[in-house]
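For what it's worth, the working numbering labels the leading residue of the sequence shown as 513, then goes sequentially.
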Amino acid sequence: MIEFSKEPKKLQEFENILDLELQNFFSNYYDERNYNNTLKKLILHKVEKGTFQKRLQSNNKVIGQSKIPKLMNNREILDNIFAFINQK
């Protein structure tokens, strides 16, 4: 799930480049994508600008620098954000 301040012209191309850069930067990500088949190809879900901030505000979690976790072993936060988007 991604929110852009300036959206790339070709989202699919951006997705492919990001996936390759993650593989180059994180050897574990590369191994899980290419050898172990634990991870599938990266799929981005674009959301409207301000979505993450609005979700934090709806949960009363806005303080100074609030951050959405970047990597988790489950879908709890992802499903929560999708539910928030769908209730609009």
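Here a beta-carbon is modelled for each residue, glycine too, at the ideal position from N, C-alpha and C.
Note that the structure is predicted; figures quoted are calculated from it, not measured.
- Taking the Cα of Glu527 as reference, the smallest distance to any Cα among Leu554, Ile593, Glu519 and Tyr547 is reached at Leu554.
- In the assembly as shown, Arg545 is a buried residue. Its beta-carbon has 16 or more other beta-carbons within 10 Å.
- Assignment of Ile514 by DSSP, reduced to helix, strand and coil, places it in the strand class.
- In the three-state reduction of the DSSP assignment, Lys521 falls in the coil class, being assigned neither a helical nor a strand state.
- In the three-state reduction of the DSSP assignment, Lys566 falls in the helix class.
- Cβ neighbours of Leu530 within its own chain (closer than 8 Å, five residues either side excluded): Leu554 and Leu556.
- Relative to the Cα of Gln524, the nearest Cα in the group Lys566, Asn548 and Lys558 belongs to Lys558.
- Burial state of Arg587 is exposed, judged by a 10 Å Cβ sphere holding fewer than 16 other Cβ atoms.
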